[in-house]
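Be aware that the sequence shown starts at 1, since it is given in my numbering, and climbs by one per residue. All residues carry an ideal CB built from backbone N, CA and C; glycine is no exception. First up is the structure itself, then whatever we jot down about it.
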Amino acid sequence: MKQVQVNVVGLGYIGLPTALMMAAHGVEVVGTDFKATLVDTLTHGQVTFKEDGLETLYASAVQRGIQFSTAYQKAEIYVVSVPTPYDKVSKKIDASYVMHAVQNVLDVCEQGAVIVVESTIAPGTIDRYIRPLVIERGLRPGVDVHLAHAPERIIPGNMLSELLHNSRTIGADDPAIGEKVRRIYQSFCQGDIEITDIRTAEMTKVVENTYRDINIAFANELLKICRSDGLDVNEIIRISNKHPRVNILSPGPGVGGHCISVDPWFLVGDYPALARLIRLSRETNDGMPAYVLSRVAALMGQLGLHNYARVGFYGLTYKENVDDMRESPTLQLIEKMHDNLAPTPKTYDPMISFDVVDGQYHSFEAFLQDIDVMVVMVHHAHLDENIGLVQNKAVFDTRNCHLNWDASNKLFEL
Ligand code: SAJ
Numbered sequence: 001m002k003q004v005q006v007n008v009v010g011l012g013y014i015g016l017p018t019a020l021m022m023a024a025h026g027v028e029v030v031g032t033d034f035k036a037t038l039v040d041t042l043t044h045g046q047v048t049f050k051e052d053g054l055e056t057l058y059a060s061a062v063q064r065g066i067q068f069s070t071a072y073q074k075a076e077i078y079v080v081s082v083p084t085p086y087d088k089v090s091k092k093i094d095a096s097y098v099m100h101a102v103q104n105v106l107d108v109c110e111q112g113a114v115i116v117v118e119s120t121i122a123p124g125t126i127d128r129y130i131r132p133l134v135i136e137r138g139l140r141p142g143v144d145v146h147l148a149h150a151p152e153r154i155i156p157g158n159m160l161s162e163l164l165h166n167s168r169t170i171g172a173d174d175p176a177i178g179e180k181v182r183r184i185y186q187s188f189c190q191g192d193i194e195i196t197d198i199r200t201a202e203m204t205k206v207v208e209n210t211y212r213d214i215n216i217a218f219a220n221e222l223l224k225i226c227r228s229d230g231l232d233v234n235e236i237i238r239i240s241n242k243h244p245r246v247n248i249l250s251p252g253p254g255v256g257g258h259c260i261s262v263d264p265w266f267l268v269g270d271y272p273a274l275a276r277l278i279r280l281s282r283e284t285n286d287g288m289p290a291y292v293l294s295r296v297a298a299l300m301g302q303l304g305l306h307n308y309a310r311v312g313f314y315g316l317t318y319k320e321n322v323d324d325m326r327e328s329p330t331l332q333l334i335e336k337m338h339d340n341l342a343p344t345p346k347t348y349d350p351m352i353s354f355d356v357v358d359g360q361y362h363s364f365e366a367f368l369q370d371i372d373v374m375v376v377m378v379h380h381a382h383l384d385e386n387i388g389l390v391q392n393k394a395v396f397d398t399r400n401c402h403l404n405w406d407a408s409n410k411l412f413e414l
């Protein structure tokens, strides 16, 4: 098997754009994923999720010769971008996907190969779970095989621009290896590329997402305080953010996605006695779907509705303009309804074309016909484009969409 420059392992929300971006900028890339159906889709000319510009990037990468396979390749550099869930009880990282991928790399790689873990991992994961795999094979980390960590910062909904422009961090044992990895990312990345040690790189990534989670929790707590005293939290945030050093984020129905809602738990799991504000912020954000449900129930009381038959939730994804439903606040809210023995409500999401839950509509018009109350859980661009269809509804806007709703609607805010 001929050696390629880069073998990207894991072609999901991060691995695929990264592999395509490298290939489109002249790096010889083979993308590997264990899902044969996913590899098949990619080999036959289609991308596997919605993201602005992804199809154009895919075409450019294919033109430059990217290959897709279920097999691991012989490569100079391996970029491992596989899921890193956390154990919901211990709050500790489940590193099994990364370990499995690294084992498969070690089965085929040649001496001197560089294994770059791009997946977000709890601080200390490389030392605790990955380095031992290398040693157990009688290989010497830093001699036979090099390890590095290169977390990404791209935000779903703006991935490709951020892949090109965001600065990045590379953690390596040996600065020369850091430089080697930097050169690959510099094929496309126009941002600064910071080289540091592995544990620092692991911690910075988790810290960045934890910082954001705490700030969202602050906005959500501020919402409840203002709501309790008849104050307009959005006006207060708008004016406060005029201060040059204040940047309060937006309250919402909860924090979803595979990153912000997961990474802070790594710190809680590893530093339980110290990560108190971090835990409380996670609990605050995880409590928002239940808070929304309590507000919906109060609204239904106000409107004289005795069941959810005419209540619909707009948005199943975890945030606007993506088709990712991981840790979705709406799905968390539906779970809570089930816990309270309430039936699954009507839902609609323009980004989701397949069935996810009972009561899910695939036509916005049909959805609107069957509801009197619309709870806006996600501010997709679709809503702006179809706002005129929303008439004679009670609209509970949990995202402060700032839309010009038809006067026939009654508007309620989170
Ligand atoms: N959210 C709010 N209020 C806000 C901002 C977000 O309620 O003001 C909610 C969103 O609706 C969503 C969740 O938080 O449910 C997370 O969305 P997000 O846009 O904040 O972040 P992600 O998860 O899409 O991407 C984050 C980004 N991290 C940071 O901004 C520090 C991204 O840069 C990371 O690369 C990504 O996590 C990741 O993969 O780690």
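- Taken in chain order, the unbroken stretches of beta strand (DSSP E) that lie wholly in the stretch 290 to 366 and span 3 residues or more are 311 to 314, 346 to 348.
- Between A201 and V181, the CB-CB gap reaches or exceeds 8 Å.
- Residue pairing by DSSP places Y86 opposite I93 in a beta bridge.
- Remark: three or more beta-carbon pairs, one from each stretch, lie closer than 8 Å, so the stretch 309 to 324 and the stretch 256 to 273 are flagged as touching.
- S250 has its Cβ nearer than 7 Å to a heavy atom of the ligand SAJ.
- Looking at S363, M300, H100, I66, the one whose alpha-carbon comes closest to that of S81 is H100.
- Close CB contacts of H25 within its chain, under the 7 Å cut and outside five residues either way in sequence, are with S187, F188 (chain order).
- Residue nearest to M203 within the set V29, I170, I214, I387 is I170 (criterion: CA-CA distance).
- Fewer than three beta-carbon pairs drawn from the stretch 136 to 152 and the stretch 210 to 230 are found closer than 8 Å, and the two stretches are therefore not classed as touching.
- Three or more pairs of CB atoms, one per stretch, sit closer than 8 Å, so the stretch 64 to 71 contacts the stretch 26 to 37.
- With a cutoff of 8 Å on beta-carbon distance, L223 and V233 are scored as near each other.
- For T284, the CB stays at least 7 Å from every heavy atom of the ligand SAJ.
- Per DSSP, the beta bridge partners of L147 are I115.
- Here G15 carries a helix assignment [DSSP, helix/strand/coil].
- Excluding the 5 residues flanking it on each side, H146 has same chain C-beta neighbours closer than 6 Å at V114, I177, in chain order.
- Listed in chain order, the non-local C-beta contacts of S353 below 8 Å within the same chain comprise H362, local neighbours out to five positions each way being set aside.
- Each of L341, Y314, D370, Q332 was checked against the Cα of N386, and the nearest Cα belongs to Y314.
- Looking at the backbone, the Cα of D372 and that of L42 are separated by about 42 Å.
- Nearest in C-alpha terms to A172, of all of G191, R199, M159, is R199.
- Three or more beta-carbon pairs drawn from the stretch 41 to 58 and the stretch 4 to 21 are found closer than 8 Å, and the two stretches are therefore classed as touching.
- In this structure, K393 lies away from M377, with their beta-carbon atoms at least 8 Å apart.
- Within a 10 Å sphere around the beta-carbon of R245 sit fewer than 16 other beta-carbons, which makes this residue exposed.
- Taking the C-beta atoms as reference points, S167 is found no nearer than 8 Å to E136.
- At least one heavy atom of the ligand SAJ lies closer than 7 Å to the C-beta of G257.
- Spatial neighbours of L163 in its own chain (CB-CB distance under 8 Å, excluding positions within 5 residues in sequence) are listed in chain order as P17, T18, M21, E152, I154, F188, C189.
- A direct Cα-Cα distance of roughly 10 Å separates P329 from V292.
- Shown here for R64: same chain residues with a beta carbon closer than 7 Å to its own, the five before and five after excluded, namely A23, A24, G26 in chain order.
- The Cβ neighbour count for G312, taken over all protein chains shown within 10 Å, is at least 16; the residue is labelled buried.
- Between V134 and L160, the beta carbon gap of about 33 Å keeps them out of contact (Cβ cut-off 8 Å).
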